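S.K.: Here's a structure for you.
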Amino acid sequence: MAFERYVALGDSFTEGVGDADPSRPNGLRGWADLVAGQLALASEDFGYANLAIRGRLLRPIIDEQVGTAVAMRPDLVTIYAGGNNLMRPKVHFDELAADYDEAIGRLAATGARILMWTAYDGSWAPVFGALRGRWAVYNELIREIADRHGATIVDFWRFSEYRDLRMWDDDRLHLSPAGHHNMALRVLDVLDVPHTLPLVQLDEPVPLTPAAQRADDRRWMREFLIPWVGRRVRGLSSGDGITPKYPALTPIGV
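If you count by UniProt numbering, then the sequence shown holds residues 1 to 254, one letter each, in order.
Next comes the structure, spelled out in structure tokens:
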């Protein structure tokens, strides 16, 4: 199937944080741009909008992005939302699910193909193991919502290649360029779309000694985790002042 109007919704995951490209809006590329570039090869009238903004919780994503997306009459919508909610001290799962279900219902009413993501199981990494139960509950809710509205799941929970830290940015919260590229491959496979993207090639990893790994973990906590918690406490967001990369349907190259 050739798509002509692709709208990407969500937070930093979809905006492309972790895959820097100064030539693109917001200085980012990301998996959604890569997917759009491949989809554009099959249609002369292809348009792509990316409304995602880093740091957004589910409710702002719905309020700021869903209505705009519906008005574009998309034939493909990708949405990953709720991940930032799961990182907050308290999560109201019933409210989260009800809001997400209502949003997917509005998007499904357009007749578009809809892709939704499960959360990734990062419990193998330091600190994140305590959140595994939250991610599992969230994923079951996502699967129910997808079933109810005929959406397609991109099952990030089961993507074992992301156990390699090279698939992640230094902050361990966002995908690296390799991680974004691999996600684009995963999405194109789910859509069953032929493409020209090569497979991700990684050099052999250099193993760290236990002492070096502990030192790296301490560095990560000092440089990324503690500042992230500090922003949450002060009510700040990395998305403050950020605007969407592609707020309207736009032609895009590979």
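Even for Gly, the Cβ is constructed at its ideal location relative to N, Cα and C.
The model shown is predicted, which means the values in this text are computed figures rather than measured ones.
1) Compare the Cα-Cα distances from threonine 152 to each of Leu41, Phe224, Leu165 and Val187 and report the closest residue.
2) Do valine 66 and arginine 106 have their beta-carbon atoms positioned less than 9 Å apart in this structure?
3) With a threshold of 16 other CB atoms inside 10 Å of the CB of valine 7, please say whether the residue is buried or exposed.
4) State buried or exposed for threonine 118, treating a residue as buried only when at least 16 other CB atoms are found within 10 Å of its CB.
5) Pick out the complete alpha helix (DSSP H) segments inside the segment 11–67, 4 residues or longer, and give them in chain order.
6) Which of the three DSSP states, helix, strand or coil, is assigned to proline 126?
7) Can you tell me whether lysine 90 is buried or exposed? The criterion is at least 16 other CB atoms within 10 Å of its CB, across all chains shown.
8) Name the DSSP beta bridge partners of tyrosine 246, please?
9) According to DSSP, simplified to helix, strand and coil, what is alanine 8?
10) On the DSSP bridge assignment, give the partners of tyrosine 80 in chain order.
11) I'd like to check one pair, leucine 41 with threonine 196: are the Cβ atoms closer than 9 Å?
12) Ignoring anything shorter than 4 residues, give me the alpha helix (DSSP H) runs that lie fully in the segment 159–225, in order along the chain.
13) Compare the beta carbon distance of isoleucine 62 and glutamate 102 with 9 Å and say whether it is the shorter of the two.
14) Taking Cβ to Cβ, would you say leucine 165 is nearer than 9 Å to arginine 158?
15) To the nearest angstrom, how far is it from the Cα of proline 205 to the Cα of glycine 82?
16) Distance, Cα to Cα, arginine 29 vs tryptophan 168?
17) Measuring alpha carbon to alpha carbon, tell me which of Leu57, Ser23 and Ile104 ends up nearest histidine 92.
18) Give the range of the beta strand (DSSP E) segment to which leucine 96 is assigned.
19) In angstroms, rounded to a whole number, what distance separates the CA positions of glycine 150 and leucine 96?
20) Among Leu191, Ser123, Val190 and Ile142, which residue has its Cα nearest to the Cα of serine 160?
M.R.: Looking at the atomic coordinates:
1) Val187
2) yes
3) buried
4) buried
5) 12–15, 31–40 and 58–61
6) coil
7) exposed
8) Asn50
9) strand
10) Gly10
11) yes
12) 177–191 and 210–220
13) yes
14) no
15) 32 Å
16) 15 Å
17) Leu57
18) Where leucine 96 is concerned, there is no enclosing beta strand (DSSP E), although the alpha helix (DSSP H) it sits in stretches over 93–108.
19) 19 Å
20) Ser123
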